[in-house]
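Protein sequence lines correspond, in order, to chains Y and U. Quick note on the working numbering: the first sequence kicks off at 116 and runs consecutively. Quick note on the working numbering: the second sequence kicks off at -16 and runs consecutively. Quick reminder that beta carbons are idealized off the backbone N, C-alpha and C, glycines included. All values reported here derive from a predicted model rather than from experimental measurement.
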Amino acid sequence: MLDAPVRRGDGPPSRSGRAFRARLVAALLVLVSLALITVYFRESNDGPLHAAQRIGVSVLMPFEVAGERVARPFRDGWAWVSDLLDAKGDNEDLRRENEELRREVIEARTAVQELTLQGQINAYVTSPRFPTDFDPIVARVIGRPPTPYQQEVVVSAGSGDGVKRNAPVVDEGGNLAGLVTDVTDSTARITLITDQSSSVSAVVLETQASGVVKLGASPSSLVLDRVEKDELVEEGNTVITAGWTTERFESLFPREIPIGIVESVGQQDVDLFKRIQIAPLVDFDKLAAVVILIEKEQPAEPQPKAKDGPRRREQEKKKNRP
Amino acid sequence: MTGIDALKAAGLVLLATIVQISLAEWIEIGEAHPDLVLVTLVAVSLLRGPTYGTVLGFLAGLVLDTASFGTFGLTSLLLTVIGYATGRFGEATTRSSVHPLLIAVMLATAGYALGSAVLHFMLGVSIPASQLFLALLLPALAFNLILAYPLYALCARVLPPRLVIRREVNPAV
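Below you can see the structure in the form of C-alpha cells.
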C-alpha cells in the first residue's frame, strides 16, 4: 500500500514551496506549543489555560464516561484474567515463602531446644548435685536402638574426647541413664538402665532401704529388688544410687544419683523380698543429650620416706586385713 | 490540503484521540498503553505529508493534554514534531523502503517516549532509564507495531493515497 506512488498536492505550489510551508507551519506550532507550556507553568490555577483545560475536560467527560462504560466489561474480564495470573504467581511466591518460613521456624525451634538443653546441662554441671570427683563430657545421642530388645544408645563422644568404658551416664537433669559399655574414637555406646543386663545398687533416699535396680516387667519400668521385707519403703520415695565401696569392689556409679520414684510397694508371704516398682526419672524416649561422668585422675600419693617405711607397711597390712 | 481531506484527517485523529482517552488507557502492559493517536498520526502523515502531520499532531496533543489534565502544550509539542518528521520521512522513503510504516511507527514511538522523558526531565520530573526502556518504551513499541498495519489500512481507506502523474521525459529532447 505504501509503495504506491503518491502525490503531495496537485499542482501550482512547487515541491520546495510545500516543504517551506510545512517547515513554517511546524516551526510556528512548535513555538505555540512552547509558549503554551511556558504560560501554563507561569499562570496560576485560575489562569486562562487552566480554565480552558477545565472546560475541555468537561467537554470530553461524556466521551470518557461512555468509553469507560463500554470498556468496563472488557476491563473487568481483563482484570479477572490478570488477577488470576497474578494470583497464580502470588500463590507460587507465597508457597515458596511459606516453605522458607517453615524451615526457619524449625531451625529456630531446634535452636531453642538446643539452648534449653544446654542450659539444663550447665545448671546441672555447676550445681552442688554434680559429683565432685567427676568431670562432665556432654554428648548428643546420635543413634537409638534399632529394636526394643536393645536398650542402648550411641552418643557423639568417644575415647578421643576422654570417654572411658564403664563411665556412668546421666541425662541433662542429672538422673541416671546408663553406663558406657563400648567406646570408639568418636562415639560411645551406652547401655541404659532399662536394659536386661543392667543392675544398679541403690537405696531409698528417705529410709535408706537398699536393693538393686533392675529391668521390670515392661521395657520402660524398673524394679527395686532385694529389699528386705522389714525395710520401710513407701510410694513416692526417691531411689538413688548407693555408690557402695568395699575392699575389693567399688560401684561403677557415684553416690546419690537419682534413679526413679517408687510407684508401688507390695509383698507376699512366699516372697523373700519386697516387690517395688519404680518409675525412672529419665524419659528414655526423648533422650537427646547425656552427660558422661569421667572420674578425675587421683593425684599420685607422695613416696613414703625411709624412716616411715616399716610403720606405713604395718598400716597397709592392717588395712588389707579382711 | 483540500477541505474534505483535512476534515477527514482531523476526524480520524479526533476519533483516535477519543478512543485513546476512553478505551486505550485501560489497556496496560508495564506502564505503557497502545498509542492510537500516535499511530494514526503516523499513518495520516505518511499518507498526506508533513503539513497534515504537523497541524493534526498539534491539535491531537492539545486534546490529549486537555483530557489528561497534563501540562498544556507538552504533548502538542511532541506530536507536532513527530507529525512533521513522519511526513518528511514519508516523502523521502515511501518509494524505496520495504516497510516504511513499521520503521516510521518505531521511530515515532521511540521519539515520543524519549522526547517525553527529556521534556519531563527539563520540567523537573524524571524516571529511571531502566523504567523508561523496559516498562515504557518496549511495551509501547510492541503495542504500536501491532496496531500499525490495521490503523494504516483504515486511514488509507478514508484518505486514499494519491497517484502521482509521472511525466514522461524524453532524453533526446
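Contact between the region 9 to 29 of chain U and the region 87 to 94 of chain U is present: 3 or more CB-CB pairs across the two stretches fall below 8 Å. Unbroken beta strand (DSSP E) stretches of 3 residues or longer found wholly inside the region -3 to 50 of chain U: none. The three-state reading of DSSP puts Y:D276 in helix, counting H, G and I together. One Cα belongs to Y:D310, the other to Y:E214, and the distance between them is close to 41 Å.
U:S51 and U:L(-3) have their C-alpha atoms some 15 Å from each other. Among the residues facing chain U, Y:F178 is included, as its CB has a counterpart in that chain under 8 Å away. The C-beta distance from Y:V377 to Y:I393 rounds to 6 Å, short enough to fall under 8 Å.
Burial state of U:T54 is buried, judged by a 10 Å Cβ sphere holding 16 or more other Cβ atoms.
Y:S336 sits in coil when the DSSP states are folded into three classes, being neither helix nor strand. Within chain U, the residues whose beta carbon sits less than 9 Å from that of Y:G171 are L45, V46, D48, T49, A50, listed in sequence order. The beta carbon of U:T69 does not come within 8 Å of any beta carbon belonging to chain Y, so the residue lies off that interface. DSSP, reduced to helix, strand and coil, places Y:G326 within a strand of the structure shown.
Secondary structure note for Y:D297: its beta strand (DSSP E) is the uninterrupted segment 291 to 298. Comparing C-alpha distances from U:I4 to each of U:G13, U:P17, U:V27 shows the shortest one belongs to U:P17. Below the 8 Å Cβ cutoff, chain Y contributes L144, V147, S148, L151 as neighbours of U:S59, in chain order.
The C-alpha of Y:A357 lies about 35 Å from the C-alpha of Y:V227.
Contact note: Y:G204 does not reach chain U at a C-beta cutoff of 9 Å; the least C-beta distance is about 15 Å. A distance below 8 Å separates the beta carbons of Y:A317 and Y:I374.
Remark: three or more beta-carbon pairs, one from each stretch, lie closer than 8 Å, so the region 66 to 74 of chain U and the region 30 to 46 of chain U are flagged as touching. The beta carbon of Y:L175 sits closer than 8 Å to some beta carbon of chain U.
A direct Cα-Cα distance of roughly 12 Å separates Y:E287 from Y:F399. Counting only the Cα atoms, Y:D201 lies some 49 Å from Y:R138. Contact of U:F104 with chain Y is not assigned, every C-beta pair being separated by 8 Å or more.
Ranked by Cα distance from Y:P246, the options Y:R363, Y:A403, Y:F368 are led by Y:F368. As computed with DSSP, Y:I407 is found in a beta bridge with Y:I252, Y:V284. For Y:I355, the enclosing beta strand (DSSP E) covers residues 353 to 356. Taking one beta carbon from each stretch, the region 124 to 144 of chain U and the region 101 to 114 of chain U have fewer than 3 pairs nearer than 8 Å; the two do not touch. Taking a Cβ-Cβ threshold of 8 Å, none of the residues of chain U is close to Y:G234; the smallest such distance is about 52 Å. Residues are counted here when their Cβ sits less than 8 Å from a Cβ of chain Y; for the region 2 to 22 of chain U these are V2, I4, S5, L6, W9, I10, given in chain order. Short of 6 Å from the beta carbon of U:A(-1), and not among the five residues preceding or following it, lie these beta carbons of its own chain, in chain order: L19, V20, T23.
Within chain U, no C-beta atom comes less than 7 Å from the C-beta of Y:R157; the nearest is roughly 11 Å away. Residue burial annotation: Y:A303 is buried, with at least 16 other C-beta atoms found within 10 angstroms of its C-beta. Counted as a single uninterrupted DSSP element, the beta strand (DSSP E) harbouring Y:E267 occupies residues 267 to 270.
Residue environment analysis places U:L57 among the buried positions, since at least 16 neighbouring C-beta atoms fall within 10 angstroms of its C-beta.
For U:G36, the closest C-alpha among the options U:L45, U:V46, U:V25 is that of U:V25. As the crow flies, the alpha-carbon of U:S59 is around 15 Å from that of Y:G171.
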